[in-house]
Each structure stands twice: as C-alpha cells, then as structure tokens.
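Visitor: Numbering of the sequence shown is given in this note's numbering, commencing with residue 99 and proceeding in unit increments.
Quick one: the structure is below, questions incoming.
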Amino acid sequence: MARARPEPTQKTKTLSHCTLQFAIWIGKIPSNCCFLCEVSTTSVTRNPIPRTIRYNQKFMLRYFTAGESHGEALVAFLSGIPAGLKVDQAVLDRELWRRQQGYGRGGRMKIERDSAHILSGVRHGITIGSPISVQLENRDWKNWQESLPIGDGDPAKHKRVASPRPGHADLAGALKYNFPEARYILERASARESAARVAIGAIAKLFLRELGIEVLSHVVTTGSVTLREQVPWDKIRALYDREDVLLNCADPQGESQMKEEVDKVLRTGDSLGGVFEVVAHQVPPGLGTYAQWDERLDALLAAAVMSLQAVKAVEIGSGVASAFSPGSLVHDEIGYAAKSGFTAFSRTRNNAGGIEGGISNGEEIRVRGYLKPISTLRRPLQSVDFTTREPVKAAYERSDVCVVPAAGVAAEAMVALTLARCALDKFGGDSMTETVRNFQGYCQQLKNY
Ligand code: EPS
99 MARARPEPTQ KTKTLSHCTL QFAIWIGKIP SNCCFLCEVS TTSVTRNPIP RTIRYNQKFM
159 LRYFTAGESH GEALVAFLSG IPAGLKVDQA VLDRELWRRQ QGYGRGGRMK IERDSAHILS
219 GVRHGITIGS PISVQLENRD WKNWQESLPI GDGDPAKHKR VASPRPGHAD LAGALKYNFP
279 EARYILERAS ARESAARVAI GAIAKLFLRE LGIEVLSHVV TTGSVTLREQ VPWDKIRALY
339 DREDVLLNCA DPQGESQMKE EVDKVLRTGD SLGGVFEVVA HQVPPGLGTY AQWDERLDAL
399 LAAAVMSLQA VKAVEIGSGV ASAFSPGSLV HDEIGYAAKS GFTAFSRTRN NAGGIEGGIS
459 NGEEIRVRGY LKPISTLRRP LQSVDFTTRE PVKAAYERSD VCVVPAAGVA AEAMVALTLA
519 RCALDKFGGD SMTETVRNFQ GYCQQLKNY
C-alpha cells in the first residue's frame with residue numbers, strides 16, 4: 099500500500115538527478131513514494147532539470163484506458179500482473195459480451211461485437227510479467243472515419259453536437275477544454291470507454307480466481323421496481339451462466355416488472371436509472387487498511403465504482419439503511435463456531451458488506467452503484483445552442499434507454515481491478531507461483547489464529 103511521504107533530508111536534498119534516479123531504480127528509495135525533491139547541486143546548473151520530481155506510483159497494479167467512442171479503437175493497459183497467469187481470450191470476450199447485453203440497450207449494440215485483441219504481455223496463453231495492452235475495435239468507426247478523422251479531414255463533414263445535453267459532460271467539458279461545441283467531449287466521456295475497463299477487469303478476475311475469489315453482479319432496481327431481499331451468491335452465480343440477459347435480475351417476477359418499466363420509457367421517449375450490486379465472493383479478511391485514508395478498501399471501491407459513467411452514488415453493504423437505524427440493528431454480531439471459511443469466526447448477517455474499518459472482514463463484499471437515468475433523451479430536455487445561445491432542445495442522435503445490467507458488469511471489472519490491486523499490494527509476487535504461495539501462507543496464518 100502507499101507509504102508515507104518521506105521528509106526531505108539533507109541527503110535527498112543534495113542528491114543529483116542521476117543519483118536520485120539510480121537510488122530509486124536500485125530500490126534505495128521506494129519508487130512508490132510521492133515526494134518533492136529540491137535539487138541544489140552544481141550539476142543542476144550544467145544540466146537543467148525540473149526542480150520538482152514527482153513519483154506517485156502508489157500501487158503494484160496500474161491500469162488506464164484510451165480511445166474515443168467513435169474512434170478506431172479503445173485500448174486498455176494493465177501493468178503489474180505477475181507472470182504465469184493463464185489468460186483465455188474467450189473469458190475476456192464473454193465479459194465483453196455480458197456488458198453489451200440487457201433490455202434497453204440502443205442501436206449501437208447492434209453494430210458492436212466487442213472482442214479483446216491482446217497486443218502485449220501475454221505469450222503462449224500466459225502473462226509474462228510485462229505490461230498487458232488490449233485493443234477493442236469500434237466497428238462503428240467505419241461510419242465515422244470522415245467526420246472524426248485523425249488528420250485535418252473535411253470540416254464540412256464534421257458532426258457537431260450543437261446543444262449540450264443536460265446530465266452529460268457536454269457543457270462542462272466544452273467549457274473546460276475550450277471547444278465551441280461538444281463532439282470531442284462526448285467522444286471520451288461516453289460509457290463506451292467502460293468496455294476497455296471490462297477487458298482488463300476480466301484479467302483481474304482471472305488473477306483473483308487463482309486466489310479463489312469471484313466477482314459478479316446483479317440488478318436490484320430498475321426504475322421504480324426494487325428487490326427487497328438480499329440475493330444469495332448461488333443465485334447471482336446462476337445469472338452469470340444465462341445466455342439470454344434481460345435485466346440480470348435474480349427474481350423472475352421482479353425482472354418482468356423491470357422490463358415493463360423499460361417498455362414504459364421506450365414508449366414515452368424517456369430514460370431510466372437503477373441500482374446494481376456487485377458481490378465479491380471468498381475475499382479473505384485483511385485486504386485494505388485503516389492506516390491511511392486512501393488505503394481503506396471501502397474508499398477505494400467507492401472511487402472505483404463511482405468512476406463509472408452515470409453512477410451517482412455508491413453504497414457498501416446496507417450503508418444507506420444503516421444511517422436510519424439504531425446500532426443494534428446494524429452491526430453484524432460475532433460468533434465462533436463455523437467449520438468452513440478463512441477463520442472460525444462467524445457472523446449472523448452482513449450489513450457491513452464485508453468491510454469493517456476499511457479492511458475486508460472475510461464476509462462477502464457487497465457494493466451497490468446507483469445509476470442516474472441515461473442523459474440522452476429521445477424527447478430531449480431544454481438546452482441552449484452553442485452558437486446562437488438561443489433556447490433549443492438538447493442534441494439527440496441515438497441512445498440506450500436503460501443500462502443498469504451493463505453498468506453492473508463494468509462495475510464488476512472495477513471491483514475486480516481494485517481487489518486485485520489490494521491483493522497484490524498485500525501478497526506481492528512477480529510470478530503466480532510466488533503470489534499464490536504467499537496467499538496460502540497467509541490463509542494458513544488465519545487458520546492458526
Ligand atoms: C453512450 C451513447 C451510446 C451508447 C454508448 C454510450 O453510443 P452512441 O452514441 O454511439 O449510440 O451506445 O455505449 C456504448 C457504445 C457502449 O459500448 O456501451 C454515451 O453517450 O455514453
């Protein structure tokens with residue numbers, strides 16, 4: 099996990115840039131420290147270097163994505179997965195397929211058939227310890243090559259987004275990046291980007307599977323229909339095997355009511371939000387820590403899920419209801435009897451959602467994401483024309499009307515990446531053999547506790 103920022107000592111203050119780089123490289127100074135260094139030796143005047151050197155490589159596992167919604171491709175990078183993890187492309191493609199499903203998806207999903215093209219970091223079906231990069235082709239690109247070219251292109255073919263959509267990044271992004279309209283803004287802000295996260299999230303899931311951890315999701319709410327009971331793991335697991343995804347809801351009656359909700363907004367030109375729940379099964383106690391605010395597992399998960407397009411709130415366990423209940427009805431009483439599990443400690447319920455004090459406690463981790471309704475409406479809301487500043491209806495090209503199941507799959511990826519990151523920070527390892535051995539040693543320590 100992140101280490102404290104070291105106070106600059108006289109020694110670090112007078113290090114030359116090269117010495118400093120070398121010290122970091124050979125491990126004398128942890129490269130995952132974030133610090134500022136005042137450099138004041140004569141070498142500086144001979145060879146100008148920045149006064150400030152920043153290192154913020156905080157985690158062992160790092161990832162990011164690139165790509166625009168109607169550009170040629172999305173790309174995702176994943177660095178820090180140990181060598182020797184078996185990577186089956188079919189698993190990645192199955193996750194991508196799952197993200198494309200759900201009742202309420204729009205015309206774009208008829209065009210795209212997402213498939214993960216692994217460019218690096220995997221050879222002969224296993225990871226080799228090098229950064230992994232994955233490319234996802236945008237099939238729609240062929241329809242956009244002229245209107246969204248890399249080069250100058252023909253300005254007459256450019257497809258402007260003339261009026262910003264309320265709820266979307268359009269206006270805030272155009273103001274921030276100083277563009278006269280919102281085309282480039284929505285291209286990157288679009289939830290299309292989440293497909294890239296799902297591709298590398300699938301690799302994180304394969305990694306976690308080697309530690310016995312599984313991550314899946316289900317839909318709790320669509321529009322005004324909500325499941326009241328907690329859904330057990332085996333029912334969520336059964337949803338994963340389905341070949342026909344409607345709303346990824348574990349209750350058939352609830353699911354058909356949810357479908358009616360979607361039908362209603364399809365008829366009226368409106369859109370719908372909802373709630374998904376991600377469940378991480380068989381997570382050992384001990385991931386994350388209270389030691390620093392930004393090392394708490396609940397904080398990391400909240401940020402990871404909140405970072406998904408259209409998610410406006412995140413809940414761990416029964417966090418929201420807990421705020422309105424007395425402590426006796428909230429906290430999960432502790433027993434000592436269970437024969438299975440990481441330890442013999444047991445709980446009668448799991449309102450904490452598997453996390454106490456920012457640390458996983460051995461119960462299932464349950465994270466809910468609350469999704470606002472899609473902000474592109476077929477019956478658009480009021481807006482203003484970017485050029486004339488006259489009142490007009492917000493732009494509409496085409497859109498989904500409900501994406502709760504898809505957002506759940508994207509959130510699985512974010513939860514898996516976060517747990518993989520925390521697991522690697524705890525167990526380390528350059529090869530899977532090393533990581534799994536460290537993990538098993540820790541599990542034995544828990545058994546012996
Ligand atoms: C999105 C708008 C729609 C969605 C898209 C997200 O795309 P388009 O404008 O091309 O019809 O289909 O989602 C995806 C393409 C996807 O793969 O999830 C938006 O503006 O966020």
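Ideal placement from N, C-alpha and C gives every residue a C-beta, glycine not left out.
1) Confirm, please, whether the CB-CB distance from F484 to I298 is below 9 Å.
2) So which of Q390, I179, Q355 and E193 has the shortest CA-CA distance to D339?
3) Is the distance from the Cβ of V296 to the Cβ of R197 below 9 Å?
4) Just tell me which of S218, M158 and S245 has its CA closest to the CA of G169.
5) Rounded to whole angstroms, how far is the Cβ of L479 from the Cβ of P264, which I believe are closer than 8 Å?
6) Which same chain residues, not among the five before or five after L469, have their C-beta less than 8 Å away from its C-beta?
7) Could you pull out every unbroken alpha helix (DSSP H) segment of at least 4 residues lying fully inside the region 411-451, listed in chain order?
8) Does the beta-carbon of D212, which I'm using as the reference point, lie nearer than 8 Å to any heavy atom of the ligand EPS?
9) Just curious, the beta strand (DSSP E) that E312 is in, first and last residue?
10) Any heavy atom of the ligand EPS closer than 8 Å to the beta-carbon of V259?
11) Beta carbon of R496: closer than 8 Å to some heavy atom of the ligand NAP?
12) Which residue or residues does DSSP assign as beta-bridge partners of L176?
13) Return yes when at least one heavy atom of the ligand EPS lies under 8 Å from the C-beta of H256, else no.
14) Comparing C-alpha positions only, which one of D396, A442 and Q538 sits nearest to I414?
15) How big is the Cα-Cα spacing for Q355 and V323?
16) Would you mind reading off the limits of the beta strand (DSSP E) that contains F374?
17) Answer yes or no: the CB of D368 versus the heavy atoms of the ligand EPS, is any distance below 8 Å?
18) In the DSSP assignment, find the unbroken beta strand (DSSP E) run with Y468 in it and report its ends.
19) Kindly indicate which residue of A492, G526, E454 and K333 has the alpha-carbon position closest to the one of T387.
20) Taking D528 and G219 to be in contact with their CB atoms under 8 Å, please state how far apart those CB atoms are, rounded to whole angstroms.
21) Taking the continuous beta strand (DSSP E) assigned at Q480, which residues delimit it?
22) Kindly indicate which residue of R394, E431 and G439 has the alpha-carbon position closest to the one of R445.
23) Any idea if S486 is buried or exposed, counting beta-carbon neighbours within 10 angstroms, 16 or more meaning buried?
24) For P580, which residues of its own chain have a beta-carbon under 7 Å away from its beta-carbon, when the five flanking residues on both sides are left out?
25) Suppose you measure from the CA of Q429 to the CA of V313; what does that come to, to the nearest Å?
26) Closer than 8 Å to a non-hydrogen atom of the ligand EPS - does that hold for the CB of Q233?
27) Alpha carbon to alpha carbon, how far is T163 from K156? Give it in angstroms, no decimals.
28) Could you tell me whether the region 398-407 touches the region 506-517, where touching means 3 or more Cβ pairs closer than 8 Å?
29) Quick one, are the C-beta atoms of V381 and W331 less than 9 Å apart?
30) Please give me, in chain order, every unbroken run of the alpha helix (DSSP H) with length at least 4 that falls completely inside the region 345-374.
31) Using 10 angstroms around the beta-carbon of H266, count the other beta-carbons present and answer buried if the total reaches 16, otherwise exposed.
32) Is L246 near the ligand EPS, with its Cβ less than 8 Å from a heavy atom?
33) Write down the C-beta distance between V579 and S261 rounded to the nearest angstrom, noting that I regard them as a contact closer than 8 Å.
34) I need the straight-line Cα distance from R326 to L269, nearest angstrom please.
35) Under 8 Å from any heavy atom of the ligand EPS, does the C-beta of M92 make it?
36) Looking at D191: is its Cβ nearer than 9 Å to the Cβ of A214?
Guide: Looking at the coordinates:
1) no
2) E193
3) yes
4) S245
5) 5 Å
6) G371, G372, V373, F374, A408, V409, K410, V501, V502 and A505
7) 417-420 and 425-428
8) yes
9) E312 to T320
10) no
11) The model depicted lacks the ligand NAP and carries the ligand EPS instead.
12) Y161 and I230
13) no
14) D396
15) 7 Å
16) G372 to H379
17) no
18) I463 to L469
19) E454
20) Not a contact, Cβ separation roughly 14 Å.
21) Q480 to V482
22) E431
23) In the sequence as displayed, the identity of residue 486 is Thr instead of Ser. Its Cβ having fewer than 16 others within 10 Å, T486 is exposed.
24) There is simply no residue 580 to check, as the chain begins at 99 and stops at 547 in what is shown.
25) Per the sequence shown, the amino acid found at residue 429 is His instead of Gln. Cα to Cα, H429 sits roughly 24 Å from V313.
26) no
27) 18 Å
28) yes
29) no
30) 350-366
31) buried
32) no
33) Any question about residue 579 goes unanswered here, given that the chain covers just 99 to 547.
34) 37 Å
35) One cannot answer for residue 92 here, as it falls past the ends of the chain, which runs 99 to 547.
36) yes
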